[in-house]
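Each residue of the sequence shown is one higher than the last, beginning at 228 in our numbering. Glycine residues also receive a C-beta, built at the ideal position from the N, C-alpha and C atoms.
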Amino acid sequence: MNRNPVSCAPPNPRRNGITLLEVLIALAIFLGALAVIGQIVSTGSQAAMSAQLKAESVRRCETVLAETLSGVIPLQSASGTFEDDPQWSWTVSVQDGAATDLLTVEAAVSRNGNSASEYRLTRWVRDPQVFLQSTIDTSTGGSR
């Protein structure tokens, strides 16, 4: 008559599962990390957009200055918008330079409503009128 004795010992105080408190703490850490990652992605997207606008403003400003110096745009103060995207505007300012035969040509490009995308380039060029006048003087002086 061997019987198995029935144990009246209390259950093992060490459980194999996790408690509700541990689940809540893990969830709070996860949500905090998710919020931080979302903020990093948002900041990165804004920086990428800003860099793209800045690069486009530099390219457009170089184009306007090159067109002005090549004669496509007259070498005088002017302004306008770009045909391909009217949100972008440009201005060209031509002023006398430090020397008598120099002109200061400044080109500025900006996107409407966004001052962060504004870009300016300044270049000193020889005054074409002085150059033409010296060419005429040389040619008439040599034929006498």
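Separation of residue j from residue i, as counted between CA atoms
{"i": "F257", "j": "T331", "result": "59 Å"}
{"i": "Q356", "j": "T318", "result": "22 Å"}
{"i": "R316", "j": "T295", "result": "Note on identity: in this sequence residue 316 is Ser, with Arg being the wrong assignment. Looking at the two C-alpha atoms, the distance is approximately 15 Å."}
{"i": "A305", "j": "V336", "result": "12 Å"}
{"i": "A326", "j": "A278", "result": "37 Å"}
{"i": "I245", "j": "L254", "result": "13 Å"}
{"i": "S361", "j": "T367", "result": "10 Å"}
{"i": "V250", "j": "I264", "result": "21 Å"}
{"i": "G259", "j": "N243", "result": "27 Å"}
{"i": "T365", "j": "D328", "result": "16 Å"}
{"i": "I300", "j": "Q314", "result": "20 Å"}
Classification of residue i by the beta-carbon crowding that lies within 10 angstroms, buried from 16 upward
{"i": "V268", "result": "exposed"}
{"i": "L261", "result": "exposed"}
Coarse secondary structure for residue i, derived from DSSP in three states
{"i": "E294", "result": "helix"}
{"i": "Q201", "result": "What is shown of the chain runs 228 to 371, which leaves residue 201 out entirely."}
{"i": "E310", "result": "coil"}
{"i": "R338", "result": "strand"}
{"i": "A343", "result": "strand"}
{"i": "R287", "result": "helix"}
{"i": "T349", "result": "strand"}
{"i": "T331", "result": "strand"}
Spatially closest choice to residue i from the options, by CA coordinates
{"i": "A282", "options": "E310, L359, A293, R338", "result": "R338"}
{"i": "N341", "options": "L280, G244, T246, V352", "result": "L280"}
{"i": "E333", "options": "R287, V321, D312", "result": "V321"}
{"i": "A275", "options": "V336, Q360, S344", "result": "S344"}
{"i": "G324", "options": "R353, V291, L248", "result": "R353"}
{"i": "D311", "options": "Q273, R287, L292, V250", "result": "R287"}
{"i": "T290", "options": "S304, F309, P313, S277", "result": "F309"}
{"i": "L348", "options": "L292, G298, N243, D328", "result": "L292"}
{"i": "Y346", "options": "I264, G271, V285", "result": "V285"}
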